[in-house]
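Trainee: Here my numbering is used: the first residue of the sequence shown is 14, the next is one more, and so on. Even glycine gets a Cβ: it sits at the ideal position worked out from N, Cα and C. Everything numeric in this text was worked out from a predicted model, so none of it was measured.
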Amino acid sequence: MQRQGTPESSDNVTQYVHQHLTSMWKNVKEASYEIHVREEGVEIYFYAHHSGFKGEKCFKEAWKKMHSLKISLETRFPNIETQIQEFEDLKKRFNIFDFKSKMKTKKNFVIFKNNESETWVSVTHIKGKIECTPQEKYSQIDSLVRSLTRLGMDAHFIVHFKAVKPPKTKNITSINKKLKTPKGEVLVQINEDKLDEREKEIGHITGYWNVSSYIVIKTNTEKEAEIRATQVKNILNTVYSGSHYSPDIKTMSGRQIKRKLKQIVLRKSVGKTEKMASTRLAALTHFPERPVPGIETYECPEFEIPPQTIFNYYKGVPISYIIYKDREIFTCMLDPEDLKCGLAVLGTVGSGKTYFVMNLIDKLLRKKQLPMLIFESKGEFAGLAKSLPPEIAKNILIICPGSKFAPLKINLFDPGDMDAEDYARRLYGLIDETLHSLFRIDGDLSLQMSRVLGEVLPQVIKEERYRNFDALDKLLSNYAESKRQTVPFVDSTILALDARLGVFRQGILGSVFNVNKSNISLDDLLKKVIVIDFSYLLSQGGSKEDTQIIMNLIMLQVFQAGLRRINVEELKHLVVVDDARFLVPEIFRRRSSGDTTIVEDMITIERGKGQGLILICQDPAISKVVLANCNTRVVFRIAFKSPEEEEYIGLGLNITDTQKSHLVAQPRREAIMKLAEYPYPFRIRTLNYQCPKITFQEIEEHNRKHHKELYIDEEIEQEKMCELELSRDEKNIHEILSWILTHEYITVDTAKELVKLDHFKTRELLDALHKRNGLLKTTYFSPISGKQILYHTNDNAFLAFMGDELKKFALNNKLDAPVQILKKCEKNKIIQEVSSPEFKEGVIVTFEGKTATQIKEWLKEKSNNYKIITFTEKGLRELKTFIEKLKNRNNGFRFIVIERIVN
């Protein structure tokens with residue numbers, strides 16, 4: 014429970030808030046108040062009491078009183094949080110003593126002793142009238158709790174109060190007159206004796222109670238118990254004594270405590286009670302007003318509640334709940350068309366901003382197949398490929414620049430379908446803008462460098478053989494050679510130009526841009542959901558500049574493509590940038606007052622072209638132009654680095670100074686939102702969204718299944734392999750095949766030694782053999798025990814297996830057909846049969862040994878059923894002669910098994 018409540022002035026007397034006690038006097042009748050102080054923190058409890066003879070009826074009445082007590086507290090203190098305890102939690106609350114232990118008394122203590130330890134219990138009782146003196150800085154409960162907490166006590170401060178009728182008193186009209194000065198000024202405080210008369214007079218209105226209050230202390234040793242008991246007496250005397258009243262603070266004897274254990278457990282009276290009005294009882298039962306361990310004292314400022322009518326529940330997607338007093342009242346919807354005017358999401362790490370946007374993307378894709386481009390650096394958005402339905406997820410392409418499992422390849426010099434001259438001018442602009450976007454003084458191209466690059470680029474792009482950086486270097490050298498006599502310092506210019514272009518062909522960026530063929534097209538950028546994840550690049554030593562270059566080049570492509578679209582009202586494409594500091598930093602070196610970044614242009618120019626934008630950032634350290642033009646703003650918990658940032662965000666959200674302090678204190682998943690349609694900010698709580706993590710292997714499997722074109726390196730290497738293999742003569746091919754047949758299985762590394770290829774891959778060899786030797790069929794099996802097996806066979810193998818050699822083998826072994834081999838193995842229980850619908854004919858026989866040499870291929874003539882039959886080691890030995898005969902055939906290649914290790 015959180016505390017609320019401050020001293021207030023009422024009826025010319027300084028007093029504590031007591032209206033909830035008056036309500037309880039009328040409806041609850043009997044209750045208890047407890048403050049439990051321990052090492053973990055402070056907890057506050059209210060108990061409603063009810064007694065009766067009928068259990069069910071008694072329980073219902075107690076339950077009604079508990080709800081009445083709860084609503085009284087929440088009505089008088091609207092900012093507190095109360096919770097009715099579950100039955101199991103309630104049992105733990107009443108288990109204040111270990112009654113299973115041996116119990117004895119000594120002096121002023123009750124001792125609970127078990128085999129391992131002792132617990133000494135003392136009870137200090139407050140008798141008599143207490144002084145009700147609210148202080149300006151600390152209330153009396155604040156002083157009590159702070160003292161007990163500072164000493165590290167395990168203490169229960171319990172106040173039991175039962176409603177009674179107020180006593181009759183004299184008319185106090187004359188007393189009221191004495192409460193004013195001769196000038197008519199109201200006194201802030203009156204004497205306690207007059208207050209006592211005042212309580213009796215108004216007791217029939219505020220409520221009158223029989224009150225018993227005490228503190229239960231638990232310690233582990235006798236010495237500590239004696240010290241704690243003395244300390245508690247001094248604390249209570251200090252807090253509740255004054256110039257008019259001083260209560261009698263007594264430590265109960267051990268025997269008294271033992272007799273009252275039941276009352277203590279039930280939080281009821283343990284001795285003589287004192288009659289008090291609600292105004293005085295409040296001194297014992299008010300909430301702490303200062304921070305204490307375990308109790309939050311922060312009070313959230315008030316925010317406006319937007320009308321539900323401003324949300325489009327037909328076109329919009331649910332993104333959060335509107336909250337009032339920490340209660341979710343209705344769903345907040347976001348119209349996808351609003352994204353054309355930009356959405357800025359700010360918040361510190363762990364505040365919930367990324368999952369907020371991921372939930373929005375998830376809902377958008379389920380509602381509409383919207384093409385998107387998502388930049389991220391934490392590997393979270395890629396998980397959408399697992400969370401979304403397969404029919405939607407198949408359109409998601411995940412790219413991890415610098416990796417081999419999800420590579421990004423961009424040949425800057427490939428014009429695609431564009432005219433070479435037009436593309437050359439466009440590429441020059443791309444390179445110039447990208448170098449400028451590095452925000453470095455030495456990043457820009459000089460006038461002479463621009464001229465040289467502008468003249469050479471068209472030559473590179475016109476001919477396909479020149480579309481690479483090596484050809485560009487050669488053409489630049491030729492340019493220097495031809496212009497050395499007419500252009501001053503041309504060699505220095507080319508060296509400087511080469512240094513600037515080096516960012517595109519060195520290190521990790523070299524694996525992206527220094528390629529001969531692109532694996533992603535502009536059409537992909539505009540029609541698919543593409544997630545570009547920089548987490549792998551950064552983990553491999555990539556820099557912020559590397560991500561900036563890739564992001565700017567791709568964003569320029571999307572921006573220029575968007576400009577060619579006709580004006581539309583509907584959202585056509587969406588760009589999401591996580592950690593937007595990389596793309597639109599606050600510090601941007603502008604060449605002129607009109608100089609802008611790509612994102613600034615996108616949000617100001619392309620909103621009429623159907624281009625949407627979502628920016629995510631940890632703080633306001635991004636372009637003020639972008640933030641100012643994002644009509645929808647969502648700010649989670651945020652840390653300001655300067656007063657200027659705080660002022661800027663405050664103006665952007667249109668919040669008051671009181672509300673501004675709430676920005677740094679928001680709990681996770683809560684935020685302040687500002688819409689263009691509504692002039693005031695309001696509080697939201699995001700939907701509880703979880704997205705599964707996706708591994709690098711799962712990313713590769715997803716891409717290979719739905720986006721095979723991403724792996725162009727394998728296609729290029731395969732073409733090279735085919736060319737090499739086709740250059741060999743028939744004799745060399747049969748030498749390779751004969752060598753393979755002399756081994757039960759071979760590894761990729763072993764085969765690599767024979768064919769002497771730098772980039773040898775199993776699949777490439779098999780494809781080359783397929784083209785050269787007429788191999789007919791390829792079958793890829795799932796990994797088994799960490800290995801993946803690949804098979805090829807040809808027409809001759811099918812016939813040969815049913816030829817004379819096989820029949821001869823069967824007769825020698827007293828078998829009349831290959832089927833009998835299987836039957837014999839089945840009889841000896843050395844095979845396991847698994848049906849598979851993938852093939853229409855043939856029989857696969859698998860030999861499984863301890864060395865994981867697992868699969869051999871066996872075809873059966875005119876068989877309509879496909880079976881996988883796994884042989885044990887015993888089965889392998891029985892068929893050894895048959896395998897040897899296959900190996901020793903001298904009429905050409907008939908059987909290949911190549912095994913590849915899978916990580």
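1. What residue range is occupied by the uninterrupted alpha helix (DSSP H) comprising Pro471?
2. Determine the contact status of Asp167 and Ile124, defining contact as a CB-CB distance below 9 Å.
3. Can you check DSSP and say which residues form a bridge with Arg497?
4. Express the C-alpha separation of Leu566 and Gly554 in angstroms, rounding to a whole number.
5. Under 8 Å, with one C-beta from each stretch per pair, do the region 353-360 and the region 502-512 reach the 3-pair mark?
6. For Ile70, name the three-state secondary structure that DSSP assigns.
7. Any idea what DSSP makes of Pro179, helix, strand or coil?
8. What is the DSSP secondary structure of Asn223, counted as helix, strand or coil?
9. If you draw a straight line from the alpha carbon of Ile277 to that of Arg340, how long is it in whole angstroms?
10. Could you tell me how far apart the beta carbons of Arg650 and Gln679 are, in whole angstroms, since I believe they sit closer than 8 Å?
11. Rounded to whole angstroms, how far is the Cβ of Val50 from the Cβ of Leu161, which I believe are closer than 8 Å?
12. Is the Cβ-Cβ distance between Val136 and Gln321 less than 9 Å?
13. Shortest alpha-carbon distance to Leu274 belongs to which of Lys622, Ile545, Ile109 and Pro656?
14. Taking the alpha carbon of Trp133 as the reference point, which residue from Lys140, Asp427, Lys115 and Glu315 has its own alpha carbon closest?
15. Beta-carbon separation of Ser45 and His173 under 9 Å?
16. So, with DSSP's three-state summary, where would you put Lys191?
17. Go through the region 619-644 residue by residue and report every complete run of the alpha helix (DSSP H) that reaches 4 residues or more, in order.
18. With H, G and I counted as helix, E and B as strand and the rest as coil, what does DSSP make of Ala290?
19. Grouping DSSP H, G and I as helix and E and B as strand, with all else coil, what is Glu47?
20. Pull up the distance between the alpha-carbon of Pro705 and that of Val370, whole angstroms please.
21. Tell me whether the beta-carbon of Cys643 lies closer than 9 Å to the beta-carbon of Arg594.
22. Do you know how far the Cα of Ile335 is from the Cα of Gly663?
23. Rounding to the nearest angstrom, what Cα-Cα distance links His138 and Lys117 in this structure?
24. Have a look at Asp614 and Glu446 and give me their C-alpha separation to the nearest angstrom.
25. Using the DSSP secondary-structure output, state which residues sit across from Ile139 in a beta bridge.
26. Is the number of C-beta pairs between the region 362-379 and the region 387-407 that are closer than 8 Å three or more?
27. Throw me the rounded Cβ distance for the Lys175 and Asn223 pair, which I believe falls under 8 Å.
28. Suppose you measure from the CA of Gly284 to the CA of Phe170; what does that come to, to the nearest Å?
29. Going by C-alpha distance, which of Tyr492, Ser655, Tyr326 and Pro692 is nearest Gln669?
30. In whole angstroms, what is the alpha-carbon distance linking Thr699 and Lys530?
31. Inspect the beta-carbon positions of Arg438 and Gly467 and report whether they are closer than 9 Å.
32. Phe502: buried (16+ other C-beta within 10 angstroms of its C-beta) or exposed?
33. So His62 and Glu87 are in contact, right, with Cβ under 8 Å, and what is the actual spacing, rounded?
34. Quick one: what's Met686 bridged to in DSSP?
35. Give the secondary structure of Val55 by DSSP, where H, G and I count as helix, E and B as strand, and everything else as coil.
36. Within 10 angstroms of the Cβ of Ser85, are there 16 or more other Cβ atoms? Answer buried if so, exposed if not.
Mentor: On the basis of the data shown:
1. Numbered from 1 along the sequence shown, position 458 holds the residue referred to as residue 471. Taken as a continuous stretch (DSSP letters only), the alpha helix (DSSP H) holding Pro471 covers Leu460 to Lys475.
2. Sequence index remark: in the sequence shown, residue 167 carries index 154 (1-based). Sequence index remark: in the sequence shown, residue 124 carries index 111 (1-based). No, the pair does not count as a contact, with Cβ atoms beyond the cut-off.
3. Here residue 497 corresponds to residue number 484 of the sequence shown, with the count starting at 1. According to DSSP, which records beta bridges pairwise, Arg497 is partnered with nothing at all.
4. Against the sequence shown, residue 554 aligns to sequence position 541. Against the sequence shown, residue 566 aligns to sequence position 553. Rounded to whole angstroms, Gly554 to Leu566 spans 20 Å at the Cα level.
5. Counting C-beta pairs with one atom in each stretch, the region 353-360 and the region 502-512 have fewer than three that are closer than 8 Å, which means they do not touch.
6. Within the sequence shown, numbered from 1, the residue matching residue 70 stands at position 57. In the sequence under discussion, the amino acid at residue 70 is Lys, which differs from the Ile named in the question. Residue state, collapsed to three classes: helix.
7. As a working mapping, residue 179 is identified with position 166 in the sequence shown. The answer is coil: DSSP assigns Pro179 none of H, G, I, E or B.
8. In the sequence shown, counting from the first residue as 1, residue 223 sits at position 210. Looking at Asn223 - three-state DSSP - the assignment turns out to be strand.
9. As a working mapping, residue 277 is identified with position 264 in the sequence shown. As a working mapping, residue 340 is identified with position 327 in the sequence shown. C-alpha separation (whole angstroms): 36 Å.
10. Translated into the one-based positions of the sequence shown, residue 650 becomes position 637. Translated into the one-based positions of the sequence shown, residue 679 becomes position 666. Yes, Arg650 and Gln679 are in contact; Cβ-Cβ is about 4 Å, under 8 Å.
11. Position 37 of the sequence shown holds residue 50. Position 148 of the sequence shown holds residue 161. Right, the Cβ-Cβ distance comes to about 4 Å (below 8 Å), so this counts as a contact.
12. Within the sequence shown, residue 136 is the residue found at index 123, counting from 1. Within the sequence shown, residue 321 is the residue found at index 308, counting from 1. In this structure, Gln321 does not lie closer than 9 Å to Val136 by Cβ.
13. If you number the sequence shown from 1, residue 274 lands on position 261. Closest option to Leu274, Cα to Cα, is Ile109.
14. Taking the sequence shown and counting its residues from 1, the one referred to as residue 133 is at position 120. The shortest Cα separation from Trp133 among Lys140, Asp427, Lys115 and Glu315 belongs to Lys115.
15. Reading the sequence shown from its first residue, position 32 is the one you call residue 45. Reading the sequence shown from its first residue, position 160 is the one you call residue 173. A contact, by the Cβ cut-off of 9 Å.
16. Within the sequence shown, numbered from 1, the residue matching residue 191 stands at position 178. Residue confidence is low: Lys191 scores 44 on pLDDT, short of 50, so the model does not pin down where it sits. Its coordinate-derived value is still stated next. Coil.
17. 637-642
18. Here residue 290 refers to the residue found at position 277 of the sequence shown. DSSP places Ala290 in strand when its eight states are reduced to three.
19. The residue labelled residue 47 in the question sits at position 34 within the sequence shown. Note: Glu47 maps to strand in three-state DSSP.
20. By one-based count along the sequence shown, residue 705 stands at place 692. By one-based count along the sequence shown, residue 370 stands at place 357. Using only the alpha carbons, I get a separation of about 15 Å.
21. Locating residue 643 in the sequence shown gives position 630, counting from the first residue. Locating residue 594 in the sequence shown gives position 581, counting from the first residue. Note that the C-beta distance between Cys643 and Arg594 is not below 9 Å.
22. Residue mapping note: residue 663 aligns to position 650 of the sequence shown, counting from 1. Residue mapping note: residue 335 aligns to position 322 of the sequence shown, counting from 1. Near 20 Å, if we compare the C-alpha coordinates of Ile335 and Gly663.
23. Position 125 of the sequence shown, counted from the first residue, corresponds to residue 138. Position 104 of the sequence shown, counted from the first residue, corresponds to residue 117. His138 and Lys117 have their C-alpha atoms roughly 20 Å apart.
24. As a first step, residue 614 must be located in the sequence shown, where it is residue number 601. As a first step, residue 446 must be located in the sequence shown, where it is residue number 433. Note on geometry: alpha-carbon atoms of Asp614 and Glu446 lie some 13 Å from one another.
25. On the sequence shown, residue 139 is found 126 positions in, with the first residue counted as 1. Looking at the DSSP assignment, Ile139 forms a beta bridge with Ser226 and Ile262.
26. yes
27. The residue labelled residue 175 in the question sits at position 162 within the sequence shown. The residue labelled residue 223 in the question sits at position 210 within the sequence shown. That pair is a contact at about 5 Å.
28. The residue given as residue 284 occupies position 271 in the sequence shown. The residue given as residue 170 occupies position 157 in the sequence shown. Roughly 15 Å between the two C-alpha positions.
29. Working through the sequence shown from its first residue, we reach residue 669 at position 656. Note on identity: in this sequence residue 669 is Thr, with Gln being the wrong assignment. Nearest C-alpha to Thr669: Pro692.
30. Position 686 of the sequence shown, counted from the start, is the residue given in the question as residue 699. Position 517 of the sequence shown, counted from the start, is the residue given in the question as residue 530. Looking at the two C-alpha atoms, the distance is approximately 43 Å.
31. Counting from one through the sequence shown, the residue named residue 438 turns up at place 425. Counting from one through the sequence shown, the residue named residue 467 turns up at place 454. Taking a C-beta distance under 9 Å as the contact criterion, Arg438 and Gly467 qualify as a contact pair.
32. Walking along the sequence shown from the start, residue 502 turns up at place 489. With fewer than 16 other Cβ atoms inside 10 Å of its own Cβ, Phe502 counts as exposed.
33. Here the question's residue 62 lines up with position 49 in the sequence shown. Here the question's residue 87 lines up with position 74 in the sequence shown. That belief does not hold up - the Cβ atoms of His62 and Glu87 are roughly 20 Å apart, past 8 Å.
34. In the sequence shown, counting from the first residue as 1, residue 686 sits at position 673. Met686 pairs with Val647 and Phe695.
35. Numbered from its first residue, the sequence shown carries residue 55 at position 42. Residue state, collapsed to three classes: strand.
36. Along the sequence shown, one-based indexing puts residue 85 at 72. Ser85 is buried by the Cβ-count criterion.
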